[in-house]
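Q: Got a structure for you, questions after.
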Amino acid sequence: MFIINEFIQPQTIEEAYNILVSRRNNAVIGGSAFLRMGSKKINTAVDLSKLGLDYIKDEDGYIEIGAYTTLREVETSPILVNSFSGVISNSVKNIIGIQFRNIVTVGASVFSKYGFSDLITALLALDTEIELYKAGRIPLDDFLKRPFEKDVLIRIFIKKNQRRASFQDLRNSVSDYPILNVAVSRLDNQWTIAVGARPRVAAIAIKASEALSEHLGPENLAYYADIAAEELTFGTNERGTAEYRQAMCKVLVKRALMEVLECK
Amino acid sequence: MQIEIILNGKKVSLDVKNNELLADTLRNYGVFSIRKGCDTTCCGLCTIWVEEKPVLSCAMLSVRADGKTITTMEGLQREAEEFAQVLVAEGSEQCGFCSPGFILTVLAMKRELKNPTQEEIVHYLTGNLCRCTGYLGQLRAIKKYLGVA
Amino acid sequence: MNFVGKSIPKIDGMAIATGKPVYTEDMVPPNALVVKLLRSPHAFARIKTIDTSRAEKLENVACILTYKDVPNRRFTLAGQSYPEPSPYDRLILDEIVRYVGDEVAIIAAADEETAEKAMKLIKVDYEVFEPVLDYEKAMGHPSVVHPEADVHCNFDIGMDKERNIVSSQKIEVGNVEEELEKCHIVVEETCYTQAQAHGMMETYRAYSHLDHTGRLVVVSSTQIPFHVRRQLSRALKLPASKIRVIKPRIGGGFGGKQTGAVEMFAAIVTLTTGKPAKIVYDREETFTATNSRHAMRLKVRLGADQEGFIRVVDIQGLSDTGAYGEHASTTFGVVGQKTLPLYNKTKAVRFMGDVVYTNKMPAGAFRGYGATQGTFALETAVNKLAERLNMDPTEIRLKNLIKEGETSLVSEGIRLGSSTLHRCIEKGRELIGWKDKYPRLEVGEHKVRALGMAVTMQGSGIANIDTASAEIRLNDDGNFTLLIGSTDMGTGSDTILSQMAAEILETTIDNIIVHAADTDISPYDPGSYASSTTYVTGMAVVKAAEDLKKQIVESGARILGVSIDEVDYDGLKIITVNGDNEVTLEKVAELQILGFGGKRQLVGNSTYGSPVSPPPFIAGFAEVEVDKETGKVRLIDYVAVIDCGTVINPNLATIQAEGGLVQGIGLAMYEDVRYDERGRMTTNNFMQYKIPTRKDIGNIRVVFEESFEPTGPFGAKSIGEVVINTPAPAIMDAVYNAVGVRITNLPITPEKVFLAMKQM
């Protein structure tokens, strides 16, 4: 059973941040779906619901998603459904059920850097930045590589462009955590391949992405998929061995590439 | 902490602990239609409506319900009975333990989706687990209830 | 027929569907103590010291019990008729803990928070032993799971506990080895089935209190109220007359609740404190500290002659019962009982092997009860044999399967009373499109679709053992009360039994009050398990209704002053044959009970047990699509053609079938059971242990091919268990037909298929 000594709904992000960092065991709570499964002892729980961060908007060349937006809103948002081949909406569709997605938030999903996250993989394949109160606005890829530091994730920016994208995942039961997930996007000749649930958090297959961007031979997609599978590291957990994940990386990347090439 | 909610149309004041989950708060208040089935936020049994949206009441802190409109099966009896008639006629309520969460999700779907396809129905309800029926009788009942093919 | 064969809605349907408080936890008195259990973190250990003093000092802690505080008489939690074939090998709390999750201390407090706090304050010092975790290495392992001297068996089940063997069994008719020598083709296959979890939506729970006479009342979500009363009596050293067990509505059972689990913990707290006490298991406890299906390794050898007749069936098995022996010998025995009679052109058949103790969660009863495991192994081997013989899998079965009126080597001369299995196969292969789709069709660059099939049988009740009683009263205002002790766990059995009573009594469902189950009130019934309620309890209800009807007619005739041959009964009144005089049922009731007509309330009674357990049959057909690049299997279509005798309630039978098939699909494809190296179950919640969602199952079609079972009520046999057996072997065979790999180790996961394909 988790413990919360104090529950606070700050009126400003600054206040939220100050409370968060004022004690070691103060924490921001997202959708609280995962919180209830642990036995965290939280001194002050910081709730972001009063900060107006529940929105998805298309403004100034960016799609902006507030941290308090739920995954269900991400799934059904016309803005997201109609951008980047709907890759972001697609990525969250199989996460448990709508009752769950109506509660869990984008901010918590991204900030927690869950290895199994489908959303992070999709975001990583796009030109995504996140805005943190303290660390400021940084590329998602940078954030994922940084060591954990307390902060408040405010919003996510995705550069609005004509990226085509595809999300691929492999699960046994539909509502299970993914064995592996892949997102691939393309803007003109520039490609990005992201692979998640390795089981570690999503990463960009840099070499494969570069090789593709330099020279695309549609007849030999497996070649690029193999590069991705070779350059990334994979681990073993209960859902699959490292070897299987590596093999599946080739398959899913190839399929994602094909889908992107088809959706002109 | 003291919270005030609109529970099934009535204003209710409740004294809740900071780590209390809404499913427990409401059951302790006597809302027996709420069932807990998993403890890991993935079975759908405890589904209620918060501001008209189906959510897992076992994943929601009670303190966060302050000021919210909460609807449980107790507050939707007439509509629930309409659908339950169809479900029962199909024989697919079986043990019934998951029915309240399931039916609330069906009724939420009815409001949210117009003439849903079979695929959309199944997608909307994937988060509602059932171990008795094998789901197909539920699907037959939903289609009859919504009058869709 | 007015009611039998009709899809009557469940009598409790509207209440349970609309969330009414009719389940165990809904009825707990508000002042009940909360009972929590401290569990062993070790797979095998002895408690050296246990210090509860700090915990006991907490305000609002009512009591803390350890092994020192419980009666020292061993018992079994298996819900079986007395004398139980399961060994008496457990205590409420024991000095030795035998699996991770075994109970160490019982904590009762005024509220959950205090109970949890108290639990943390209990100090236990363990002497940790090397656990037996691999059941294939259990026999003769240096660690002995049950070293204690006072384990008791009511029967000789072949126990050799010093070698960790709970039960050894062998039946052989004919000489298997000799006949195998003569066979044209011999195939062998070794199959592994996992310790499937029941995953009923309502976890285990019970509460108890003392009544106005000081008797212990236990309300429990159980399939076996009468067995629970007997267990408690033995475990608590309390006369059964001092115990009452009540079963409210149950949120699913699937056999899990055929084993006692929580009742004893609440009961001992109530006895100790005199206060009401409740225990509600969470999902993790339900997964890790109750019971599951027995994991088994089954090696099958089949021998056939040149014409394709199966001459030998030999099954050698090893079963993992875990830390305690509930249902150990009987589940294992059923493996043979529900496989060896199927193919009756045999000259020799054998089933033999052992059930072993390990330091894992105990196994217990689970829908299918050994037949599921046996079917998977046998049918996998039959499919392999068909291929070797170059025969169509449906044809080898049509040629070899037992038919109505026939016997098998193991049927002791008893002829099969009913079967449409051959028609089921013919119908099923037509529905699935066998002619066009078998064995496979390529459907794209890396996808292939293929078919597979399997057949199965189960029983209906336990012959010569389980006996049910039923009672029907004619009440003062002309309605009826049907009293039964069977336990509707959502299946609709209360409704089905009232359909039968209404049919005989020529009344309506509305006019029958159904009461079940309360050991103070209900006539004895073993409970709902072993596919017995429709068949065994059903027959008791039919006979009780006939008994009552006879009495009504006699009473009516007496009131009218004529002989019983001179009256007719139409459900509403007794009328003379020539139509000149009549008396209503209400009047009969009134005169029998209130007036001076009879001074005896009319009550129909029956106690029924069957000398046979007629098998229901299924032919199951699966169509799968396999992704050749990932190994992912998708179930496209499943056809089950079922012979359950007369279908009493088509809707409820259909749902039983669909639900059982989906549970079987889970066993086949999704439900993995994993332990870590220290013996901790890691698949301990629904995020780790995946039961099928509605997106995971594909299309399922259920068709009935009715037979008429002469020994069954209205010709009925059972349906509840048989439905789970065919998906695993049929899907497995379909995957083989798709990509050429036999995944004999369930479940069939993408990685297993992928790796097997790579090794081809």
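Just so you know, the sequences run in chain order A, B and C. Residue numbers for the first sequence follow the working numbering, so the first one is 1 and each next one is one higher. Residue numbers for the second sequence follow the working numbering, so the first one is 265 and each next one is one higher. Residue numbers for the third sequence follow the working numbering, so the first one is 414 and each next one is one higher. Idealized CB from N, CA, C, for every residue including glycine. Note that this is a predicted model, so its numbers are computed, not measured.
Could you tell me the alpha carbon to alpha carbon distance between residue 264 of chain A and residue 164 of chain A, rounded to whole angstroms?
A: Low per-residue confidence applies at residue 264 of chain A: pLDDT is 49, beneath 50, and the placement is therefore not dependable, though the value from the model is reported in the following sentence. Distance between the alpha carbons of residue 264 of chain A and residue 164 of chain A: 8 Å.
Q: Can you tell me whether residue 153 of chain A is helix, strand or coil according to DSSP?
A: Strand, per DSSP.
Q: If you follow the alpha helix (DSSP H) that residue 92 of chain A is in, where does it begin and where does it stop?
A: Its alpha helix (DSSP H) spans residues 87-92.
Q: List the DSSP bridge partners of residue 164 of chain A.
A: Residue 164 of chain A pairs with A:186.
Q: Check this for me: beta carbons of residue 99 of chain A and residue 360 of chain B, under 7 Å apart or not?
A: It is not a contact, given that the beta carbons lie outside the stated cut-off.
Q: With distances taken from CA atoms, which of C:757, C:794, C:883 and C:876 is nearest residue 961 of chain C?
A: Among C:757, C:794, C:883 and C:876, the Cα nearest to that of residue 961 of chain C is on C:883.
Q: How far does the beta strand (DSSP E) with residue 697 of chain C in it reach, from first residue to last?
A: That residue, residue 697 of chain C, is in no beta strand (DSSP E); its alpha helix (DSSP H) goes 696-701.
Q: Around the C-beta of residue 743 of chain C, are 16 or more other C-beta atoms found within 10 angstroms, so that it is buried, or is it exposed?
A: Counting Cβ neighbours within 10 Å, residue 743 of chain C comes out buried, since at least 16 surround it.
Q: Spatial neighbours of residue 123 of chain A within its chain, please: CB distance less than 6 Å, with the 5 preceding and 5 following residues excluded, ordered by chain position.
A: Closer than 6 Å at Cβ, skipping near neighbours: 140.
Q: Pick helix, strand or coil for residue 715 of chain C, following the three-state DSSP scheme.
A: Residue state, collapsed to three classes: strand.
Q: Buried or exposed, going by whether 16 or more other CB atoms sit within 10 Å of the CB of residue 354 of chain B?
A: Looking at its Cβ environment, which holds 16 or more other Cβ atoms inside 10 Å, residue 354 of chain B is buried.
Q: Give a yes or no on whether the minimum CB-CB distance between residue 100 of chain A and chain B is below 7 Å.
A: Residue 100 of chain A counts as touching chain B.
Q: Along the stretch 294-310 of chain B, what residues have a CB closer than 8 Å to any CB found in chain A?
A: Result list: 303, 304, 305, 306 and 308.
Q: Mind checking residue 495 of chain C: buried by the 16 CB within 10 Å criterion, or exposed?
A: Exposed is the call here.
Q: For the candidate residues A:4, A:226 and A:47, whose alpha-carbon lies nearest to that of residue 212 of chain A?
A: Taking only the C-alpha atoms, the option nearest residue 212 of chain A is A:226.
Q: Enumerate in chain order the residues of its own chain whose CB-to-CB distance from residue 501 of chain C is below 6 Å, with the five nearest sequence positions on each side excluded.
A: Closer than 6 Å at the Cβ level, and outside the excluded window around residue 501 of chain C, lie 487, 488, 489 and 565.
Q: Using 7 Å as the threshold, is the C-beta distance between residue 956 of chain C and residue 1021 of chain C below it?
A: Going by C-beta atoms, residue 956 of chain C is nearer than 7 Å to residue 1021 of chain C.
Q: Against chain B, does residue 1108 of chain C count as a neighbour if the rule is that its beta carbon must be under 7 Å from one of theirs?
A: Residue 1108 of chain C counts as touching chain B.
Q: If you measure beta-carbon to beta-carbon, which residues of the stretch 415-430 of chain C are closer than 7 Å to chain B?
A: Against chain B - using a Cβ distance shorter than 7 Å - the residues of the stretch 415-430 of chain C are 420, 422, 423, 426, 427, 429 and 430.
Q: How close, in whole Å, do the beta carbons of residue 707 of chain C and residue 776 of chain C come, if the pair is a contact with beta carbons under 8 Å?
A: Residue 707 of chain C to residue 776 of chain C, Cβ: 4 Å. Contact.
Q: Answer with buried or exposed for residue 611 of chain C, where buried requires no fewer than 16 other C-beta atoms within 10 angstroms of its C-beta.
A: Buried, since its Cβ has 16 or more Cβ neighbours within 10 Å.
Q: Quick check on the burial criterion: 16 or more other C-beta atoms within 10 angstroms. Buried or exposed for residue 638 of chain C?
A: Residue 638 of chain C comes out buried.
Q: Please state the DSSP three-state secondary structure of residue 764 of chain C.
A: Strand.
Q: So which of C:561, C:579, C:907 and C:562 has the shortest CA-CA distance to residue 568 of chain C?
A: Looking at the Cα atoms, C:579 is the closest of the given residues.
Q: Does residue 103 of chain A have its Cβ less than 7 Å from a Cβ in chain B?
A: By this cut-off, residue 103 of chain A is an interface position.
Q: Are residue 871 of chain C and residue 751 of chain C closer than 7 Å when you measure CB to CB?
A: Yes, they are a contact pair.
Q: Return no unless some Cβ of chain A is closer than 7 Å to the Cβ of residue 1083 of chain C.
A: With 7 Å as the cut-off, residue 1083 of chain C counts as an interface residue toward chain A.
Q: For residue 921 of chain C, count neighbouring C-beta atoms within 10 Å of its own C-beta (all shown protein chains included) and say buried if the count is 16 or more, exposed if not.
A: Exposed, since its Cβ has fewer than 16 Cβ neighbours within 10 Å.
Q: Listing by chain order, which chain A residues have their CB less than 7 Å from the CB of residue 1087 of chain C?
A: The answer, in chain order, is 238.
Q: Give every residue of the same chain whose Cβ lies closer than 7 Å to the Cβ of residue 683 of chain C, excluding the five residues on either side of it in the sequence, and list them in chain order.
A: Here the set comprises 621, 622, 623, 629, 689 and 690.
Q: Is the beta carbon of residue 240 of chain A less than 7 Å from the beta carbon of residue 1164 of chain C?
A: Taking 7 Å as the Cβ cut-off, residue 240 of chain A and residue 1164 of chain C qualify as a contacting pair.
Q: Quick one: list the residues of chain C neighbouring residue 348 of chain B, beta-carbon separation under 7 Å, in chain order.
A: Correct list: 427, 430 and 431.
Q: Applying the 10 Å Cβ sphere with the 16-neighbour rule, what's the burial state of residue 522 of chain C?
A: Flag for residue 522 of chain C reads buried.
Q: Taking 7 Å as the CB-CB cut-off, is residue 173 of chain A touching chain C?
A: Judged by the 7 Å Cβ criterion, residue 173 of chain A is in contact with chain C.
Q: On the DSSP bridge list, what partners appear for residue 1047 of chain C?
A: Per DSSP, C:1038.
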